[in-house]
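Each residue of the sequence shown is one higher than the one before, starting from 1 at the first, in UniProt numbering. Everything below concerns the one structure shown next.
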Amino acid sequence: MMHVFPISSAIFLVIVSLLHFYWAFGGKWGTDSVIPTTADDSRRTFSPGIGGTIIVACLLACAAYMLLAQSGYLSPVIAPALIQWGCIVCAAVFVLRAVGDFNYIGYFKKVKNTKFARQDTALFTPLCLWLGISFLLALF
């Protein structure tokens, strides 16, 4: 049963990484509901650039590798201590993302009736919590 967490989480991370590469190189599918918008759904709260999107894609792929290496499914190509610290950082980032900014993202957001907010509640935030738990479990 414990195999479910790292393997499924790594698959999610790779898929989301590939999706970010797709967006960075001009893909449009899904872009209407992945960026937080103002309460009246009229404008995005930020507009990610190509470079930032590529960096996020690479970090997600690295997170998948670290999770599988920490869980013993892949051989470490960097120092095991770095993988462990990377997993600690990933656990913190994903759990904090699930908690949110208390305005537009996470379980405690104020803006709840936009297209993004509904997607965030139904999909993005639970996925981040799942990923955070997966990284924590990999550490123990």
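Ideal placement from N, C-alpha and C gives every residue a C-beta, glycine not left out. All figures in this text were calculated on a predicted structure; none of them were measured in a lab.
For the segment 51-102, the full-length alpha helix (DSSP H) segments reaching 4 residues or more read 80-99 along the chain. With contact defined as three or more Cβ pairs closer than 8 Å, the segment 10-18 and the segment 28-46 are not in contact. Residue 86 is not a Cβ neighbour of residue 97, given a cutoff of 8 Å. Taking all protein chains shown into account, residue 38 has fewer than 16 neighbouring C-beta atoms within 10 Å of its C-beta and is therefore exposed. In this model, residue 102 and residue 112 are separated by some 11 Å (Cα to Cα). Under DSSP, residue 44 shares a beta bridge with 37. Following the DSSP letters along the chain, one finds residue 131 inside the alpha helix (DSSP H) bounded by residues 125-139.
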